[in-house]
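Protein chains in written order, with full-length UniProt numbering: chain A, 1 to 242; chain B, 1 to 111.
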Amino acid sequence: MTQEHDTLEVSVWRGDADRGQFETHRVPAYDNQTVLDVVSWIQQQVDPTLTYRFACRVGMCGSCAMTVNGTPRWTCRTHVNKVLKDGRLDIAPLRNLPVIKDLVTDMDPFFDKWIRAGGAHAPSASRHDPIVEISPQSEGRATADAGIECINCSVCYAACDTVSANPDYLGPAALQRAWTVVNDEKHGDRQAVLDTVSAAGGCHNCHSMGSCTMHCPNDLDPLGAILGLKRATARGVFKRRR
Amino acid sequence: MLDLRLYMLQRLSAMLMAPFVLVHLGVMIYAIQGGLSAGEILGRTRGSLPWFLFYGGFVAAASVHAAIGLRVIAAETLGLRGRALAVLTWGVGAVLLGLGMYAVFAVTVPA
């Protein structure tokens, strides 16, 4: 049921990497409305130059994440009435990434770290080899499965205070990917991934604050993955000495 | 900033310090029960290899642990990187080790 006369007070960040400010708009309030709907309404009805990024609108593509009232969120599946504070919304670009314009951040550092953490698949067999059977119930496969639903929205990366304090730190998403790869029996060089995340900027910089796991919109557990990497690498220290 | 080597050094030094702290506190409380003068304490520690090893190990573990911890704090809050960070880490470790071992020698080397 539409509430014709109610409005929301919405402040949206306008600017680029060097400077910017919040611009406030009155936006019609509806019973069912996502934060992405609000941003789209402003862009379509008030200011067509407002720049933001989205694609699927159903929580699959990971492109619409923004900072909403100070918290990183996927905006397409965030209902306004769950995050509204005193009838207000403050919408800003994601933290810890360079702003290109308005609500759009440059995701390159995020994806570069994903690769740097060893996230790319290294084959252990060719197409001519028989397919190795791996039980979905095996411990490694179950652990890998826990992380593969990551949609690379960068919400965890924006939520991480360690990334803010240490720009070299790989961050929760990249490390969770590394943990997935380490548990994938079909990966060609799992020890190389453990060595990669053991270098400066790797998993040992995590302070276990858990903002990543708290804010992950898909209810994944990057903190648990990072702790897994820490355990595996620490065990490796003693094993290699034998 | 922290790699596996520094991470392990900090964890292992913490593991060493836990019993050191407990024994240190326990002995301190036990020793002063009947009243104990500085002279009497020194009478027991001077020339004692076990006490030298105990407090020497304690000082070494604390120096390593604190130097790595302060390295992280300096990097994350002050933005120190590279050479400055290395100088701070080694400097803090050396100063703590120097001061600590000075005290250990003072109470364990025979007069």
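For glycine and all other residues, C-beta sits at the position ideal for the given N, C-alpha and C.
All figures in this text were calculated on a predicted structure; none of them were measured in a lab.
Report task. Using three-state DSSP, classify residue 148/A as helix, strand or coil. Result -> coil
Query raised in the report: Secondary structure at residue 1/A, three-state DSSP: helix, strand or coil?
Result: Bear in mind that the predicted position of residue 1/A carries a pLDDT of just 46, short of 50, making it unreliable; the figure below should be weighed with that in mind. The answer is coil: DSSP assigns residue 1/A none of H, G, I, E or B.
Report task. Out of 101/A, 122/A, 73/A, point me to the one whose CA is closest to residue 17/A's CA. Result -> 101/A
Report task. May I ask which residues mark the beginning and end of the alpha helix (DSSP H) holding residue 40/B? Result -> 38-45
Report task. Express the C-alpha separation of residue 26/A and residue 10/A in angstroms, rounding to a whole number. Result -> 6 Å
Report task. Would you please verify whether the beta carbon of residue 154/B is less than 7 Å from any beta carbon of chain A? Result -> Since the first and last residues shown for chain B are 1 and 111, residue 154/B lies out of range.
Query - Own chain residues within Cβ distance below 7 Å of residue 78/A, not counting five before or after - result: 34, 35, 68
Report task. Compare the C-beta of residue 40/B against all C-beta atoms of chain A and say whether one is closer than 7 Å. Result -> no
Query raised in the report: Taking the Cβ atom as the reference point for each residue, do residue 52/A and residue 39/A lie within a distance shorter than 7 Å?
Result: yes
Query raised in the report: So, using beta-carbon positions, are residue 211/A and residue 160/A closer together than 7 Å?
Result: yes
Requested in this report: Report the residue from 198/A, 29/A, 62/A whose alpha carbon sits nearest the alpha carbon of residue 182/A.
Outcome: 198/A
Query raised in the report: With distances taken from CA atoms, which of 103/B, 107/B, 98/B, 71/B is nearest residue 2/B?
Result: 71/B
Query raised in the report: residue 36/B to residue 21/B, Cα distance in whole Å?
Result: 20 Å
Query raised in the report: Taking 7 Å as the CB-CB limit, is residue 8/B close to chain A?
Result: yes
Query raised in the report: Got a sec: which bits of the stretch 71-83 of chain B sit with their beta carbon under 9 Å from any beta carbon on chain A, in order along the chain?
Result: 72, 75, 76, 77, 79, 81
Query raised in the report: Which two residues bound the contiguous beta strand (DSSP E) that contains residue 19/A?
Result: Taken as a continuous stretch (DSSP letters only), residue 19/A belongs to no beta strand (DSSP E), as it is neither H nor E.
Query - Reference residue 105/B, options 45/B, 28/B, 11/B, closest by Cα - result: 45/B
**Report entry** Candidates 238/A, 235/A, 205/A, 154/A: closest to residue 76/B by CA position
**Finding:** 205/A
Query - Where residue 113/A falls, given that 16 or more other Cβ within 10 Å makes a residue buried - result: buried
Query raised in the report: Who pairs with residue 107/A in a beta bridge, going by DSSP?
Result: DSSP lists no partner for residue 107/A.
**Report entry** Sequence-distant residues of the same chain with beta carbon closer than 6 Å to residue 151/A, five excluded per side
**Finding:** 62
Report task. Look at the alpha carbon of residue 272/A and the alpha carbon of residue 63/B, and state the distance between them as a whole number of angstroms. Result -> Because chain A here runs from 1 to 242, residue 272/A falls outside it and cannot be looked at.
Query raised in the report: Just the Cα atoms here: how many angstroms apart are residue 238/A and residue 201/A?
Result: 22 Å
Query - Three-state class that DSSP yields for residue 89/A in the structure shown - result: strand
Query raised in the report: Going along chain B, which residues have a C-beta under 8 Å from residue 284/A?
Result: Lying outside 1 to 242, the shown extent of chain A, residue 284/A is not represented and no answer is given.
Report task. Could you give the DSSP three-state label for residue 195/A: helix, strand or coil? Result -> helix
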